[in-house]
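Counting from 1 along the sequence shown, just add 7 to a position and that's the residue number in the numbering used here.
Beta carbons are placed, not taken as given, at the ideal position from N, Cα and C, and that holds for glycine.
The structure under discussion appears below in the form of structure tokens.
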Amino acid sequence: MFRDQFGTGFDLLSHKQMDEYHLNYMPKNWIPICYYVGDYLFIDSDRVDTGKGYLMWHNHEQYFEDPPTIRFEIDFNTWLERLIIAQGSPFWEWKN
């Protein structure tokens with residue numbers, strides 16, 4: 008989705024890919040749903056019922072023992088809508 012000239016873009020994962028991308032060292036309650044240049048968008052299954060803070064962006068340079076780089080306070084529909092509006096640009100990195 009939104010591939011650039013180098014072939015880089017966001018990959019929304021299928022159910023099968025979610026299982027394949029979930030590695031043994033990742034927390035069991037973190038479900039990968041999107042992949043982008045080594046980084047992941049996860050759903051924290053322990054927080055889904057709250058409706059907030061269950062989407063997390065994890066930078067590939069950090070350890071999984073560390074807190075996620077970003078814990079979004081929006082739902083997946085809003086995250087995806089903003090990604091589409093931003094035409095595939097990581098909108099959470101924008102400065103005001």
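Measuring C-alpha to C-alpha distances from T76 to each of I91, T57, W99 identifies W99 as the nearest. Looking at the DSSP output, L48 shares a beta bridge with C41, W64. Each of G95, L48, N66 was checked against the Cα of I81, and the nearest Cα belongs to L48. Rounded to the nearest angstrom, the gap between the Cα atoms of L62 and I50 is 5 Å. For the pair I38 and S21, the CB atoms are not nearer than the 7 Å cut-off. As DSSP reads the structure, R78 sits in a beta bridge with M63.
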